[in-house]
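Heads up, the thing below is written out as structure tokens.
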Amino acid sequence: MAAVMAVQAALIYQVQNATAIAKAAGIGAAVMLFVFQGAFTIGFQATVWVYPSEILPLRIRQVGSSISSATNWLFNYMIVQITPISIASIGWKTYIIFAVLNATWVPIIYLFFPETKGLELEDVDRLFSGEEIFDSRHERDEKQEVWDIEDVRA
């Protein structure tokens, strides 16, 4: 998505400086808006809604998800208010700022947001409490085996 924003900046630069390819660049810039929205929808859009509810303990999940949702809406509102002013002031450089911000999120997400795919809620709690997940799965499997044996004896 950062690359899309960088291309967007280059295309808008062409349009704002009325170069020979300004018309084609304008069409390309419009296409890039749709490409960005498509990539965002496939990639990150659900994350801001789903991830907080997966990682928060049950006792604070409702409050935490509400705070997450409110924060998301506040930042979206801020972007909607600031972007037109930024485009009017610095033009195509606005998209460079967005490209840099998008690129900065890649290592942040990779390093600090653990994968929760395939984990049960108890395992996610253990993931954030520092316990080994594999130990907890092993313990759970052992308990299940004991339960199965007791069922057979009964």
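With this note's numbering, the residue at position 11 of the sequence shown is 18, and numbering never jumps. Think of the CB as a built atom: it goes at the ideal place given N, C-alpha and C, for glycine as much as any other residue.
For residue 79, the enclosing alpha helix (DSSP H) begins and ends at 68-97. Taken through DSSP and simplified to helix, strand or coil, residue 125 comes out as coil. Going by C-alpha positions, residue 24 is about 19 Å away from residue 104. Note on geometry: alpha-carbon atoms of residue 76 and residue 27 lie some 45 Å from one another. If the five residues before and after residue 100 are omitted, its C-beta is found closer than 6 Å to no C-beta atom of its own chain.
Residue 131 and residue 41 have their C-alpha atoms spaced approximately 35 Å apart. When C-beta atoms of the stretch 29-44 are compared with those of the stretch 79-93, fewer than three pairs fall below 8 Å, so the two segments do not count as touching.
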